[in-house]
Structure formats: C-alpha cells, structure tokens
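Chemist:
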Amino acid sequence: MILEHIAQTVSEDTTKIIGYPVSISDSNGYLIGVSDPKRLGIFDKLLFKVVKRKELIYWGNEHVQNLPGIFPGVAAPIIVNGKVLGAIGIVGKIKKNEETDKYIQLVKNHIEMICHESFKKEMNSLEVKALDTLIHYLLHFDSNNIEYDLKHITRYGEMLGYDLTIKRICIIIDIDTLAINESRTHHNSLSLQQIQQELLEIVRYFFMSNKQDIFGQLNFEQFGIFKFMNSEESDIEFIKRIESTIKKFNQHLNQKYNLYAAISIGDSKSGIIGMKQSYQNASKALIAGKKTTIDPQVYHYNNWDITLEILSNELPSDFFNNLSQDLLPLINHDNFSTLATTFLVYCKYNMNLSKTARNLYIHRNSLIYRLEKIKELTSLDTSNFEHCLLLYLVIKQHKNLDGASTKGMETIRGMRGQI
C-alpha cells in the first residue's frame, strides 16, 4: 500500500537522475511505477521472479524476446521490515559490473528508506488516533451505563498497553489559536498543519517520560496529558518537577515560535473515574486561572487563589443576580472600573490601607475616599471581612470587570485626583 503511493513519483524522479528508465512492481509483479505511463499495470514476469526469489537478478535480450512490453535490465527486491513489497528494475543496465550493482543498490535503498519513513509515519498516525480515541472514551463515558463503559475502556486501555487503575494527574496545555496564526506570519514556510504537528512532537518530548503517560490532542488549541504518578514521589515533589518542565517547555516555545502556553494542573486521582475528575478539575483551573493575573500562567487546581476563582464561577447565577441588583448604584457608577479595581487591590493586600495605597500609587487619603464612596453606594462596610467577601465575589463575577481589571490598573495612576 505504501509503495503504491510513491512508486510512480520515485520512478519518474529516479529516471531523470540516473538517465535510465526505472520500473517498480508490486509484490505480485504488476508495474506500479514506470517512466512510460502506458506500461502501468503490465504484469512483469521477471520482476515477479525477483520478488519470489528475493535476490538481485540480471537478464538480457534473450530473456525478454518472448515477453512483450518487458525490457532487459537488472532488478532487486524492495524489502521493508522483512517483508517484500515489490521489486525495482533499471531498464538497459544489463552488464553485470560494480557500477551497475551500485546503481541498483542505491535506488533500492532509497526506495526502502522512503517506504520505511512512510510506514513509520503511518504507524505514528494510527497510534495518535488510538490515543485520541482512548482519551475521548475517558472523558466522555456514559454515566448512565457506567459499568459497561468502564469495562470497555479498561479493555481498550489494556490493548494499548495502559494500566488505567494507577494514579495519574491531568495536565492541560492551552495555546491560543490567534497566537498560533501570528506565529505563522513569522514562519511563512510552515503551514498550520506543520506547526500543529511540530507542537505535538514538542509536547511529547518535554512531558512524556513514562510509558504509562497518556497524551493526546483535546481540540485545536489544547493538548491533554495524564501523567503517571510514581508512588515513591509525593505530590509536592511531582509538582516541583513538572513546574521545572513547564518552564523549559515555555522557554523553547517562546524562542522557536514566539508562543506561550497557559498550563493547568488537576489533582492526582486513580482509576478511570478519577482521571475524568482530574481532567474536569484541570479544566476548571484553566478557566478560573485565565481570569486572574497569575504569572507565569500555570494554574493548579489546589492553589487557593484558583480555588476562590472556581468558587465564584460555580456559585448559582441567581445569587449574583440578586446581589448585583442590590449593588446597582456601584455598578452603574461612572467610576465603577476604578472603584472596583481599587477594591480588588484592597482585598489582595488583606485590607491593609498603607500597602494598598502604596501599590496603587495613590495617597492614603485618596484610598480612604474611594472606600467611603463604595460604602456610600452599597451600604457595605469595607472594614468588615464578611461584607468585603460578598462585594469581592460580585465584582469578580461582574461582566464589566473584564475591562476593569486590566484597564483599571493602567488608568488608575492618572486618576488620583478624580475620586
């Protein structure tokens, strides 16, 4: 199958290089690559003889006089991984000497190398598809038919050589599509597919260190890895090791493609259900982490800052709707962006006025004025932790904060005297 795909191209290209017509047959002796397309499909008895005998053979005019469409020359079998795929013949090279032997061996080796590389790529492609299928099963099994699905997934994993009962932790690598497209503008010679393939290889190189690691592409932007957890290594030691790997990975990504990946880490779990939970938690950490200013962009599910962000994401929408109604005077205020940013920084520095003012580059009195303004608009006491927690959750959740959290810090320094 592989030889049939490349035979005609190899025949034409090799004929141009060596100056002699080149014929290639399949394992049944039928021509699949010839310099004269009219001969395609002809049964070549002599090439078939080469396939059967698995050895180099010369033949002269006397051998082909009763074989129409067949010409004298020299031929050798094409063998890949111990299997004879067909035969290669050089028409017109009938004199048995060292030069002819080199010609045929060179062409034979060239074709075998191409077939071997094509076979390797095909096997890698099949392996990738099999792993993608396994990951799909792991992440989308039917909870209503769980017993049957778990048995099916376990068998499929065993077939691929994976023990799905052991402890693993999910890592999600997220590379923004826009960033990939921007990278292409700096690498005009690379197609999107080529960059995607190279990214696959880079992720595999940096993160695949154990045969029980399961790796696949989750979607166009994301790669998923279920890392094997060694029982002799604590979770803390593992995280430190992975953080070191992530740092090297992102440095390489930045140097080669001017890209940077956001990476989330779930929690360690055992079994198929545990792997799905670890993935779900890594996904929550990624969504929550992107709303924070954590840098570098490595988000741990067990990180307390991420946990708080996840909590705000998972609280019922009615809770926020009701609170937002009560806080409309603040939300609709012209300076909501600045007030919201001020309050978040105030919370970040543990409600410490001096530290907050210093990090906002404003006078302490200006900070107190803004907090008093918030109190006036909301009736919430900004010196009360419980009141601050409610306001913090609403502000973090509110859609207008997308601009407030990023632009607020950029403009706040120029607004010291306005509020």
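Heads up: the sequence shown begins at 16 in this note's numbering, then just goes up one per residue. A virtual CB, placed ideally from N, CA and C, is assigned to each residue, including glycine.
Write down every uninterrupted run of the beta strand (DSSP E) in the stretch 201-278 whose length is 3 residues or greater and which is fully enclosed by it, in chain order.
Modeler: 229-232 and 237-243
Chemist: In whole angstroms, give me the CA-to-CA distance for Ile187 and Asn273.
Modeler: Counted from its first residue, the sequence shown places residue 187 at position 172. Counted from its first residue, the sequence shown places residue 273 at position 258. For the pair Ile187 and Asn273, the Cα-to-Cα distance works out to about 20 Å.
Chemist: Is Gly88 helix, strand or coil when you go by DSSP?
Modeler: Along the sequence shown, read from residue 1 onward, the residue named residue 88 stands at position 73. In the structure shown, Gly88 sits in a strand (DSSP, three-state: E or B).
Chemist: Is His348 helix, strand or coil when you go by DSSP?
Modeler: Numbered from 1 along the sequence shown, position 333 holds the residue referred to as residue 348. Looking at His348 - three-state DSSP - the assignment turns out to be coil, as it is neither helix nor strand.
Chemist: Cβ of Lys299 within 8 Å of Cβ of Met290?
Modeler: By one-based count along the sequence shown, residue 299 stands at place 284. By one-based count along the sequence shown, residue 290 stands at place 275. Not in contact: Lys299 and Met290 (Cβ atoms no closer than 8 Å).
Chemist: With which residues is Gly447 paired in a DSSP beta bridge?
Modeler: Shown here, the chain extends from 16 to 434; a query on residue 447 therefore has no answer.
Chemist: How far does the alpha helix (DSSP H) with Val49 in it reach, from first residue to last?
Modeler: Locating residue 49 in the sequence shown gives position 34, where the first residue counts as 1. Counting along the chain, Val49 falls outside any alpha helix (DSSP H), and DSSP gives it neither H nor E.
Chemist: Report all residues from its chain with a CB closer than 6 Å to the CB of Leu233; omit the five preceding and five following residues, and keep chain order.
Modeler: Locating residue 233 in the sequence shown gives position 218, where the first residue counts as 1. Closer than 6 Å at the Cβ level, and outside the excluded window around Leu233, lie Gly239.
Chemist: Asn367 to Glu401, Cα distance in whole Å?
Modeler: On the sequence shown, position 352 is the one that residue 367 refers to. On the sequence shown, position 386 is the one that residue 401 refers to. Cα-Cα distance, rounded: 16 Å.
Chemist: Taking a contact to mean a Cβ-Cβ separation below 8 Å, would you say Lys306 touches Glu324 in this structure?
Modeler: To locate residue 306, count along the sequence shown from 1; it is residue 291. To locate residue 324, count along the sequence shown from 1; it is residue 309. Taking 8 Å as the Cβ cut-off, Lys306 and Glu324 qualify as a contacting pair.
Chemist: Just mark Asp51 as buried or exposed, buried being the case when its beta carbon has 16 or more other beta carbons within 10 Å.
Modeler: On the sequence shown, position 36 is the one that residue 51 refers to. Looking at its Cβ environment, which holds fewer than 16 other Cβ atoms inside 10 Å, Asp51 is exposed.
Chemist: Say whether the stretch 103-118 touches the stretch 134-149, bearing in mind that this needs 3 or more beta-carbon pairs closer than 8 Å, one atom from each stretch.
Modeler: They do not touch, by the three-pair rule.
Chemist: Among Gly75, Ser133, Ile94 and Asn124, which residue has its Cα nearest to the Cα of Lys110?
Modeler: Reading the sequence shown from its first residue, position 95 is the one you call residue 110. Nearest of Gly75, Ser133, Ile94 and Asn124 to Lys110, Cα basis: Gly75.
Chemist: For the stretch 146-164 against the stretch 53-72, are there 3 or more C-beta pairs whose distance is under 8 Å?
Modeler: no
Chemist: Once DSSP output is grouped into helix, strand and coil, what is the label at Phe400?
Modeler: Sequence index remark: in the sequence shown, residue 400 carries index 385 (1-based). Reduced to three states, the DSSP call for Phe400 is helix.
Chemist: Using 10 angstroms around the beta-carbon of Ser11, count the other beta-carbons present and answer buried if the total reaches 16, otherwise exposed.
Modeler: Since the first residue of the chain shown is 16 and the last is 434, residue 11 is not available in this structure.
Chemist: Return the Cβ separation of Ile287 and Leu179 in integer angstroms, given the expectation that the two are a contact with Cβ distance under 8 Å.
Modeler: The sequence position of residue 287 within the sequence shown is 272, counting from 1. The sequence position of residue 179 within the sequence shown is 164, counting from 1. About 5 Å separates the two Cβ atoms, so the contact holds.
Chemist: Can at least three beta-carbon pairs, one atom from the stretch 211-229 and one from the stretch 239-258, be found at a separation below 8 Å?
Modeler: yes
Chemist: Can you tell which of Tyr364, Leu342 and Gly84 has the C-alpha that lies nearest to the C-alpha of Leu46?
Modeler: By one-based count along the sequence shown, residue 46 stands at place 31. Measuring from the Cα of Leu46, the nearest candidate turns out to be Gly84.
Chemist: Expressed to the nearest angstrom, what Euclidean distance is found between the alpha-carbon atoms of Arg379 and Ser369?
Modeler: Here residue 379 is taken as the residue at index 364 of the sequence shown, counted from 1. Here residue 369 is taken as the residue at index 354 of the sequence shown, counted from 1. When rounded, the distance between both Cα atoms is 7 Å.
Chemist: Exposed or buried, what is His155 when buried is set at 16 or more other beta-carbons lying within 10 Å of its beta-carbon?
Modeler: As a working mapping, residue 155 is identified with position 140 in the sequence shown. With fewer than 16 Cβ atoms within 10 Å of its Cβ, His155 is classed as exposed.
Chemist: Helix, strand or coil for Ile288, going by three-state DSSP, please let me know.
Modeler: Here residue 288 corresponds to residue number 273 of the sequence shown, with the count starting at 1. Ile288: helix per DSSP, three-state reduction.
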